[in-house]
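Read through the structure below, which is laid out as structure tokens, and then see the notes.
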Amino acid sequence: MTTLDAPPVDRLRLDRRSIWVEAVKPAGGLLLTGAVIVTFRGWDRVGWVEPAIGVLVVVGILAVSAWAWATTTYRVTPTHVELRSGMLVRQERSVARERLRSVDLTVDVVHRIAGLAVVAIGTGRQGGEADDELKLSAVSTEEAERLRTVLLVRGAQPASVDPRAPLAAFEASWIRFAPLSLLGLISIGVLAAAVGQLRDAIDYAALLGSGPVQSVLAWAGSVSPVVVVLLVVGGLVVLNTILSTVLYVLFYGGFRLVRQDDGALRISYGLLTQRSVTIEEARIRGVRLDEPLLLRLGGGARAKVIAAGLGVKDSQGNEKRDSDLLLPSVPRALAHRVTAAVLGRPVDVALRSHPLAALRVVLLQWVPVSVLPAVGLAVPAVLGVFPWWPALLALVLVAPAVGFAVLEFRNLGHGRAGEFLIARGGSGIRHTAVVRCDGIIAWRFRRTVFQRHPRLLSAT
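Counting in the working numbering, the sequence shown runs from 106 upward without gaps.
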């Protein structure tokens with residue numbers, strides 16, 4: 106039977122359970138916000154307005170979720186994947202199956218309880234959020250697995266994963282790299298920003314006047330400032346170590362990278378929110394090793410896949426998803442072995458260094474910026490508004506700027522290994538990209554003002 110003679114395929118709806126699942130998440134956020142408000146404000150200062158608003162918000166979300174469910178349908182034909190959605194403005198999207206790059210399954214705690222999964226189908230486009238993926242939120246886990254098999258197995262039988270020889274699997278020794286990622290400090294910053302959004306609901310005067318806070322302030326005033334700084338830094342190090350370890354295990358626990366019989370890579374990880382990404386190996390154009398400074402000093406590295414439609418960015422330039430993840434923070438030797446297995450050959454070759462003139466260009470990019478704070482503080486010092494010591498202290502920034510400039514220069518390098526082009530760069534995070542030459546579709550050459558005199562340019 107030809108494609109034209111194939112019977113019509115019925116349109117399917119999302120799972121009904123997705124209606125209440127979409128309402129549970131914001132309801133949990135409202136309960137957490139209410140708990141914070143009650144903790145800092147007290148029950149006696151909480152009226153009926155806030156709970157009523159919370160109930161109305163949950164009811165409204167339920168109504169919107171039900172409407173979205175009723176107006177969203179999808180179907181998979183022999184040649185295309187079609188998605189029809191939109192409550193006020195109807196949208197119909199149709200993507201050829203031969204253009205699909207990946208199928209990403211996400212299952213958080215609430216979805217797992219309900220037996221659902223969110224399916225994101227990567228289309229390989231590099232546009233905005235409406236262009237780079239088809240998202241089904243949410244379908245049953247059985248339907249999600251069916252879609253994964255149907256969409257990525259082109260005319261073959263359902264693939265079986267060989268559990269005997271994974272390319273990489275989670276090991277307890279990986280946890281030592283968790284504190285080097287600074288996930289703990291990042292989470293503290295996010296939490297502080299979230300609490301800052303509730304500043305109108307928190308009585309900071311009462312909080313600062315409480316007994317425990319006053320005791321801490323009194324003790325800090327009775328000891329040397331050096332002791333206070335050392336204790337604060339030590340506390341942050343301990344807190345970062347604990348939080349980073351917990352978050353690393355929650356994010357990447359159970360990590361498993363396997364090569365399926367149908368020529369696809371399947372990456373699964375996560376304890377609370379489970380992610381499972383399947384990428385056609387034929388679509389992979391290369392890999393990229395990321396080595397943040399602390400992780401590099403600890404002998405670790407991260408790896409990502411280079412393929413169209415993976416690791417895309419939104420309109421603000423922020424990376425939206427980590428569908429291009431190949432390896433989390435792991436030993437560098439393991440990262441090299443896995444990337445060699447994915448590419449089909451090792452590409453650990455000596456890279457060609459860049460000319461010394463590039464160091465002068467990098468210094469001109471780093472040093473003037475580091476001097477600006479000192480210049481800004483020197484102006485009021487000349488006018489007699491500020492003393493001179495803040496401007497002199499700001500000059501300390503010049504030393505790390507020079508250090509990062511030298512580090513960036515030393516990291517620069519490029520080379521070729523067979524059919525692969527290799528490029529390396531970066532200062533705080535060293536990036537090493539290995540790309541197939543036949544996967545390069547365009548070159549862009551850029552020359553800044555500082556690069557013109559030494560006759561240099563940047564190629565991407």
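Idealized CB from N, CA, C, for every residue including glycine.
Whose CA, out of Ile280, Leu355, Trp279, Leu188, lies closest to the CA of Ser242?
For Ser242, the nearest C-alpha among the options comes from Leu188.
Own chain residues within Cβ distance below 7 Å of Asp453, not counting five before or after:
Excluding residues within five positions, the ones whose Cβ falls inside 7 Å are His441.
Inspect the beta-carbon positions of Thr565 and Arg393 and report whether they are closer than 9 Å.
No, the Cβ-Cβ distance between Thr565 and Arg393 is not below 9 Å.
Do the stretch 167-183 and the stretch 213-221 touch if we need at least three Cβ pairs shorter than 8 Å?
The answer is no - the stretch 213-221 does not touch the stretch 167-183, with fewer than three Cβ pairs under 8 Å.
With 16 as the cutoff for other CB atoms within 10 Å, does Leu210 come out buried or exposed?
Burial call: buried.
Along the chain, where does the alpha helix (DSSP H) that runs through Ala446 open and close?
Bounds of the alpha helix (DSSP H) holding Ala446 are 437-448.
Run of the beta strand (DSSP E) containing Glu247, from where it starts to where it stops
No beta strand (DSSP E) holds Glu247; the alpha helix (DSSP H) holding it covers 246-257.
Distance, Cα to Cα, Gly232 vs Thr378?
Residue confidence for Gly232 is low, a pLDDT of 47 falling below 50, so the modelled location carries little weight and cannot support an answer.
Can you grab the Cα-Cα spacing for the pair Arg202 / Gly133, in whole Å?
Straight-line Cα distance between these residues: approximately 38 Å.
Limits of the alpha helix (DSSP H) - the one that Glu513 falls within:
For Glu513, the enclosing alpha helix (DSSP H) has its first and last residue at 503-516.
Please say whether Val443 and Ile389 have beta carbons closer to each other than 9 Å?
Going by C-beta atoms, Ile389 is not nearer than 9 Å to Val443.
Look up Ser327 in the DSSP assignment and give the residues it is bridged to.
Bridge partners of Ser327: none, in fact.
According to DSSP, simplified to helix, strand and coil, what is Thr565?
Three-state DSSP puts Thr565 in coil, outside helix and strand.
N-terminal and C-terminal residue of the beta strand (DSSP E) that His536 is part of:
Element bounds for His536: 534-541.
For Ala408 and Leu432, believed in contact at Cβ under 8 Å, the rounded distance
About 4 Å; that satisfies the 8 Å criterion.
With distances taken from CA atoms, which of Ser428, Val244, Arg521 is nearest Ser123?
Nearest C-alpha to Ser123: Val244.
Might you give, ordered along the chain, the residues of its own chain that have their beta carbon closer than 7 Å to the beta carbon of Asn345, omitting 5 neighbours on each side?
A distance below 7 Å between beta-carbons, with the five flanking residues on each side excluded, links Asn345 to the following residues of its chain, in chain order: Pro284, Leu287, Gly289, Leu290.
Should Trp174 be labelled buried (16 or more other beta-carbon atoms within 10 Å of its own) or exposed?
By the neighbour-count rule (16 or more Cβ atoms within 10 Å), Trp174 is buried.
Since Ala413 is in the beta strand (DSSP E), which residue starts that stretch and which ends it?
That residue, Ala413, is in no beta strand (DSSP E); it is neither H nor E in DSSP.
Leaving out the 5 sequence neighbours to the left and right, which residues in its chain are closer than 6 Å to Val511 when beta-carbon positions are compared?
Within the same chain, no Cβ atom closer than 6 Å to the Cβ of Val511 is found once the five residues on either side in sequence are excluded.
For Ser458 and Gly531, the rounded distance between their alpha carbons:
Taking the Cα positions, Gly531 is about 14 Å away from Ser458.
Please go through the same chain and pick out, in chain order, the residues whose beta-carbon is closer than 7 Å to the beta-carbon of Leu86, but skip the five residues on each side of it.
Residue 86 falls outside the range modelled here, since the chain spans only 106 to 565, and no answer is possible.
At which residues does the beta strand (DSSP E) containing Gln365 begin and terminate?
Neither: Gln365 is in no beta strand (DSSP E) and is coded neither H nor E.
Counting only the same chain and skipping the five closest in sequence on each side, list residues whose C-beta sits under 7 Å from that of Val208.
Counting only Cβ-Cβ distances below 7 Å, and skipping sequence neighbours, we find Val224, Ile226, Leu252, Arg253, Leu256, Leu257, Thr383.
Within 10 Å of its beta-carbon, does Ser265 have 16 or more other beta-carbons around it, so buried, or fewer, so exposed?
Residue placement at Ser265 cannot be trusted, given a pLDDT of 46 that sits under 50; what the coordinates show is reported in the next sentence. It is exposed - the Cβ of Ser265 has fewer than 16 other Cβ atoms within 10 Å.
Could you say which of Arg371, Phe525, Gly375 lies nearest to Ala445 if we only look at CA atoms?
The option with the nearest alpha carbon to Ala445 is Phe525.
Pull the bridge partners of Ala222 from the DSSP assignment, please.
Val244, per the DSSP bridge assignment.
Taking all protein chains shown into account, do 16 or more other C-beta atoms lie within 10 angstroms of the C-beta of Thr177, making it buried, or fewer, making it exposed?
With 16 or more other Cβ atoms within 10 Å, it is buried.
Nonlocal neighbours in the same chain, by C-beta distance under 6 Å from Ser278, ignoring five residues either side:
None.
Nearest by alpha-carbon distance to Glu386: which of Arg401, Gly405, Arg380, Asp366 is it?
Here the closest residue by C-alpha is Asp366.
Identify, in the order they occur along the chain, each residue of the same chain with its Cβ nearer than 7 Å to the Cβ of Trp548, setting aside the five sequence neighbours on each side.
Correct list, in chain order: Ala564.
Entirely enclosed alpha helix (DSSP H) segments - the stretch 166-204, minimum 4 residues
Scanning the stretch 166-204 for uninterrupted alpha helix (DSSP H) segments of 4 residues or longer gives nothing; none is fully contained.
CB-CB under 7 Å to Gly404, same chain, minus the five flanking residues each way: which ones, in chain order?
Contacts found: Pro436, Arg437.
Can you give the Cα-Cα distance for Ala486 and Ala140, rounded to whole angstroms?
In this structure, the CA atom of Ala486 is about 48 Å from the CA atom of Ala140.
Using the Cβ count rule (16 or more neighbours within 10 Å means buried), how would you classify Arg560?
By the neighbour-count rule (16 or more Cβ atoms within 10 Å), Arg560 is not buried but exposed.
Beta-carbon proximity check, Ala455 vs Gly520, cutoff 9 Å
The criterion of a C-beta distance shorter than 9 Å is satisfied by Ala455 and Gly520.
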